[in-house]
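Undergrad:
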Amino acid sequence: MGKAEGRRLPLLGALSKGRGAGDVWFLAGVVSLAALGVLFVYSASFYSAEVQYGDKFYFLKKQLLGFILGLAAMLLLSRLDFSRWKRPGLPALLIALVLLAAVLIPGVGQTHYGATRWIGVGPVSVQPSELTKFAFVLFAAGYFAKDPSRPRSFKGILPVLGAGIAVCALILLEPNLSVTMVTAALLFGMLFLAGTPLKTLALLLLPVLLALPVLILMEPYRLRRFTAFLDPWSSPQDEGYQLIQSLYALANGNLFGVGLFNSRQKFRFLPFAESDFILAVIAEETGFFGVLCLFALIGFVVFRGFRIAARANTYFEFLLVSGVMFAFAVQAALNALVVSGCVPPTGLPLPLISAGNTSLIVTMAGMGAVWGVSRRGRPS
Amino acid sequence: MRKANVSLTVLRKRLFAVILAITFLFCLFLARFAYVQLVWERELTARAVGQWTRELPVVPERGNIYDTNGELLAGNATAYTLYARANAVENAEETAKTLASLLPLDYDTLVEKLNDHTRSEIVLLRKTAKETAAAVEGTGLKGVYYARDNLRIYPYGALASQVLGFVSSDGAGLTGIEKGYDSFLAGTKGEILYETDLVGAEIGEGAYYIPAEDGLSLTLTLDVRIQSLAEEVMARALEEHQAKAARCIVLDPNDFSILAMVNLPSYDLNDIPRGDTAQLNLLSRNAAVSDVYEPGSTFKIVTAAANIEEYLRGNAAFSPERVFSSSRTRNVEGSVIRCWSDHKNGKHANLTLQAALNNSCNPCFVDIVLALGRETFYDYLEKFNFGKATGIDFAGEAVGMLLPEATLKNSDLARIGFGQSIAVTPLQLACAAAAAVNGGYYYAPRLVESISSESGAVYAAFSKRLLGRTVSEETSRILNEMLEGVVTNGSGSKAYVEGLRVAGKTGTAQKYENGKIAAGKYVSSFVGYFPADAPRYLALVIVDEPQGSYYGSTVAAPCAGELFGGIARLENIGEGSI
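Keeping their order, the protein sequence lines are chains A and B.
The opening position of the first sequence corresponds to residue 1 in our numbering, with each subsequent residue numbered one higher.
The opening position of the second sequence corresponds to residue 381 in our numbering, with each subsequent residue numbered one higher.
(1) For a cutoff of 7 Å on Cβ pairs, would you count Phe-404(B) as touching chain A?
(2) When you compare each of Tyr-839(B), Arg-506(B), Asp-648(B) and Gly-767(B) to Leu-596(B) by their alpha carbons, which one comes out closest?
(3) If the cut is a Cβ gap below 7 Å, which residues of chain A does Thr-425(B) touch?
(4) For Ala-44(A), which residues of its own chain have a beta-carbon under 6 Å away from its beta-carbon, when the five flanking residues on both sides are left out?
(5) Mind pulling the chain B residues with CB within less than 8 Å of Ala-310(A)?
(6) Which residue or residues does DSSP assign as beta-bridge partners of Tyr-902(B)?
(7) Just reading off the beta strand (DSSP E) that Tyr-758(B) is part of, what are its end residues?
(8) Is Cys-407(B) buried or exposed, if buried means 16 or more other CB atoms sit within 10 Å of its CB?
(9) For the stretch 342–367 of chain A, enumerate the residues whose C-beta is nearer than 8 Å to any C-beta of chain B, in chain order.
(10) Measuring CA to CA, which of Glu-690(B), Thr-657(B), Ala-837(B) and Tyr-446(B) is closest to Leu-752(B)?
(11) Using a beta-carbon distance cut-off of less than 7 Å, what residues from the stretch 319–333 of chain A approach chain B?
(12) Which of helix, strand or coil does DSSP assign to Ser-548(B)?
(13) Quick check: what's the CA-CA separation for Leu-9(A) versus Ala-365(A)?
(14) In terms of residue numbering, what span does the beta strand (DSSP E) encompassing Lys-507(B) cover?
(15) Okay, do the stretch 161–180 of chain A and the stretch 342–357 of chain A touch, 3+ Cβ pairs below 8 Å being the bar?
(16) State the beta-bridge partners of Met-641(B) as determined by DSSP.
(17) Can you say whether Ser-835(B) is buried or exposed, counting buried as having 16 or more other CB atoms within 10 angstroms of its CB?
(18) For Gly-523(B) and Lys-493(B), what's the separation of their Cα atoms in angstroms?
(19) Around the Cβ of Trp-233(A), are there at least 16 other Cβ atoms within 10 angstroms (buried) or fewer (exposed)?
(20) The alpha helix (DSSP H) spanning Gly-142(A) covers which residue range?
(21) Kindly indicate which three-state DSSP category Arg-79(A) falls into: helix, strand or coil?
(22) Where does Gly-884(B) fall in DSSP's three states?
(23) Can you confirm whether the stretch 908–917 of chain B touches the stretch 935–951 of chain B when touching is taken to mean that 3 or more C-beta pairs between the two stretches lie within less than 8 Å?
(24) Under a CB-based cut-off of 7 Å, is Arg-79(A) close to chain B?
(25) Can you name, in chain order, every residue of its own chain whose Cβ lies under 6 Å from the Cβ of Pro-633(B), other than the five neighbours on each side?
(26) Express the C-alpha separation of Leu-531(B) and Asn-444(B) in angstroms, rounding to a whole number.
(27) Whole beta strand (DSSP E) runs in the stretch 411–480 of chain B with 3 or more residues, listed along the chain?
(28) If you run the structure through DSSP and keep just helix, strand and coil, what is Gln-110(A)?
(29) Checking contacts by CB at 7 Å: is Arg-654(B) closer than that to chain A?
(30) Excluding the five sequence neighbours on either side, which residues of its own chain have a C-beta within less than 7 Å of the C-beta of Lys-383(B), listed in chain order?
(31) Secondary structure at Val-935(B), three-state DSSP: helix, strand or coil?
(32) Is it right to say Gln-487(B) is buried, meaning 16 or more other beta carbons lie within 10 angstroms of its own, or is it exposed?
(33) On the DSSP letters alone, give me the boundaries of the beta strand (DSSP E) that Ile-533(B) sits inside.
(34) My assumption, with CB atoms under 8 Å, is that Leu-731(B) sits in contact with Leu-863(B). Please give the rounded CB distance.
(35) Tell me the rounded alpha-carbon separation between Trp-432(B) and Ala-552(B).
(36) For Ile-606(B) and Glu-593(B), I'd like the C-alpha separation in whole angstroms.
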């Protein structure tokens with residue numbers, strides 16, 4: 001926090017001209033991914049958009065708006081020097097928690113597909129669980145950075161643990177098991193990256209592993225989905241349907257795909273083709289080769305992100321960057337596992353790619369924060 | 381970097397561990413993608429293809445059925461079926477309005493059908509004319525399709541209806557030849573495949589056409605001219621005697637091809653009484669093949685043939701000159717068997733075999749079978765194919781009822797000698813008679829001559845097939861002389877036709893109901909053929925339960941006479957041709 005800089009009002013100062021280009025490769029990777037997302041959202045949705053909304057550009061327009069807003073958010077956050085902004089994490093976390101709780105208030109929350117995950121403000125609907133991940137990273141990083149000895153004691157990690165559990169519990173109530181899982185993974189990831197002793201982590205992990213089967217058994221639909229995932233053809237019309245359609249898309253793609261815009265499965269066979277299952281459409285249109293290239297790009301972004309973390313000036317920046325990148329990588333991996341039928345289908349977008357503006361803008365904002373750190377970090 | 385109390389090494393290690401874990405995770409699902417997309421791909425795609433297309437059937441044209449002279453017995457009128465696919469219809473109300481003006485369907489029904497999203501395809505109208513289908517196509521309406529369909533037509537209506545059989549509303553053979561040869565007649569369905577989305581709305585313009593393969597045509601051994609003639613004759617008999625049923629089989633004794641097969645009452649194949657199932661089952665039954673009856677005296681042909689053959693071989697049998705006892709009764713192991721005639725006033729006195737046949741005297745044939753013995757006589761029953769199927773190419777053939785040889789009582793053997801205590805199908809009797817008079821050859825009877833494509837390529841041709849010998853040529857010759865005598869001098873005189881050498885044998889059997897003789901219920905029959913020296917046409921005529929006169933000689937024989945006269949005129953045989 002002691003970097004010598006001219007004394008400016010933090011916000012205005014951040015918006016003034018930059019301090020170097022930072023990791024341009026990282027920036028290019030992120031923007032490319034988001035742009036690819038726009039392209040594939042269009043490809044995956046033009047038919048269903050035409051049928052449902054009478055406008056084949058319906059989802060494309062929304063995604064383009066999200067992309068532009070995301071770019072703005074990215075630029076904005078890249079210029080905010082969080083190190084200089086006193087404890088931004090706590091208010092962010094509190095806002096996130098309030099929004100998460102608001103989802104559960106009847107009349108405020110919007111229910112789609114049997115889960116209440118959105119808050120509607122006029123024509124705009126926001127998915128608070130997407131905001132929460134970033135808020136949590138911000139909070140945990142800020143909290144640990146205040147006193148770097150905190151991760152070493154159980155008492156020290158308690159507030160982070162409590163915040164994480166509260167967030168998980170609220171998301172679980174929506175219900176949204178997959179985002180809960182990502183958040184839980186993020187909680188442990190943050191603790192691990194912060195340097196919490198392995199013994200403590202192991203003690204914490206044990207009850208979570210025990211709780212998982214209970215959570216699955218609690219809601220009957222989860223168990224059905226779980227068994228359907230083991231043999232989707234046992235219930236091809238119900239629980240197994242989504243997975244079967246996703247596997248058909250993958251199979252149809254083969255090595256080099258059927259070509260851009262040529263997916264057969266997007267003709268309403270594959271549910272959520274433009275959002276949670278966009279990877280299946282990409283796999284169908286560009287083949288395994290395309291999937292490999294996409295994840296090479298995602299892997300590259302993740303690697304550059306962790307590189308930025310390693311070169312961060314402060315402990316806070318290290319935690320912030322690695323936390324954002326960890327959440328991104330874990331979510332991308334979990335989405336790929338769902339689409340390829342390795343874990344039961346859950347509602348989880350592929351970050352930066354899937355349709356869904358909250359997710360896109362928040363993810364890009366987070367990436368903006370990471371890029372901002374690279375601009376202030378050690379020269380390479 | 382200010383990292384008080386935090387070891388830089390620990391953080392680096394932790395970061396490295398996280399990178400490793402994520403790399404592992406990435407490799408894990410990428411391997412899974414490779415497996416699904418490159419290995420499992422073939423099986424999954426095969427499953428997926430089915431859901432990407434919707435099919436409209438292309439109905440093959442069902443094969444025709446012809447008589448032996450190439451006369452059409454069953455054919456098709458081309459019709460069209462109109463389908464709608466609700467999910468592909470653009471505006472149900474507009475479409476319904478247009479269609480209502482073209483089709484005999486009202487607007488409300490159409491709207492309802494066009495809005496039925498529960499099914500993929502909905503039939504709007506079956507069996508409609510080509511002009512209607514073309515008019516609908518001309519409107520260019522989306523979501524409405526037509527496919528060719530077949531409407532089975534039978535140019536001769538009720539003619540040979542039980543033999544030909546009929547098809548279901550979707551063209552599958554249900555009875556008769558239509559059913560038995562369905563696999564040849566049906567052909568193979570084709571398809572028009574449309575690429576559609578999940579709910580069946582068409583995407584793109586492409587449709588794949590898989591052509592149908594038309595069915596093969598059959599040529600029967602039936603001769604429409606003879607069949608028509610036989611139906612006319614039997615219809616008159618049915619009417620005249622107010623009988624329950626009238627049946628007739630005409631076959632060629634030289635190869636056992638069936639020239640006519642009549643079962644009356646009948647029904648029009650173009651107007652099938654589908655509403656009344658019991659009635660339809662009864663009317664559509666080919667009783668000549670599927671039902672049994674007690675043949676009575678016509679069976680004496682077989683007994684006589686066996687006797688002559690055994691006599692010629694020098695075995696225990698009666699010579700043609702031998703005179704039978706004139707007594708009316710025979711006592712067989714305590715069972716008294718009487719002749720139908722009272723033997724008074726010199727009737728049935730001092731009969732030879734020829735006279736026994738002429739007068740149809742039962743006791744004489746009792747003497748014959750008892751002389752031949754059970755074993756020998758059963759050998760002949762075996763040779764004449766009683767108690768087993770003749771092997772005709774028609775489904776549902778009955779085998780008849782033959783008392784088992786091992787436990788047979790002599791009193792039963794004696795009755796079988798004159799056609800009682802045995803049940804046969806009309807076909808079995810006609811074939812046995814033919815095999816006795818044609819030189820002693822038993823062929824497999826058949827209805828189908830050949831199977832060929834409409835373009836004329838012959839798929840299969842069936843020629844005569846010898847199943848076995850019955851008696852010698854000499855026996856057959858002697859029998860022919862005797863049976864000609866029955867028509868010229870005996871009970872078969874009403875079958876006589878001027879200028880033709882007709883031979884035959886009458887039969888009158890009492891019907892049994894629930895194991896007892898049914899009073900007043902008879903089966904009158906006559907089996908005859910011409911020319912007697914070289915049989916070309918053999919007919920079995922059966923009148924079931926005639927009212928009033930019931931003797932085979934007075935009810936059935938005249939039918940045979942009419943029939944033979946008619947055939948002779950058709951074929952220019954006899955008087956007219958000379």
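For glycine and all other residues, C-beta sits at the position ideal for the given N, C-alpha and C.
TA: Straight from the coordinates:
(1) no
(2) Tyr-839(B)
(3) Ala-251 and Asn-252
(4) Lys-266, Ala-273, Glu-274, Ile-278 and Val-281
(5) Arg-392 and Leu-395
(6) Gln-890(B)
(7) No beta strand (DSSP E) contains Tyr-758(B), which is instead part of the alpha helix (DSSP H) from 754–763.
(8) exposed
(9) Cys-342
(10) Glu-690(B)
(11) Ser-322, Phe-326, Ala-329 and Ala-333
(12) coil
(13) Caution is warranted here: a pLDDT of 42 is assigned to Leu-9(A), below 50, making its placement in the model unreliable, and the coordinate value is therefore given only provisionally. So the alpha carbons of these two residues sit roughly 21 Å apart.
(14) 502–508
(15) yes
(16) Ile-629(B)
(17) exposed
(18) 12 Å
(19) exposed
(20) 128–146
(21) helix
(22) strand
(23) yes
(24) no
(25) Ala-814, Asn-818, Pro-915 and Leu-918
(26) 12 Å
(27) 433–438 and 452–464
(28) strand
(29) no
(30) Per-residue confidence for Lys-383(B) stands at a pLDDT of 44, beneath the threshold of 50, marking its modelled position as unreliable; the derived number appears in the next sentence. None.
(31) helix
(32) According to the sequence provided, residue 487(B) is Tyr. The question's Gln does not apply to it. The residue is exposed, with fewer than 16 neighbouring Cβ atoms inside 10 Å.
(33) 524–533
(34) 16 Å between Cβ atoms; not a contact.
(35) 29 Å
(36) 34 Å
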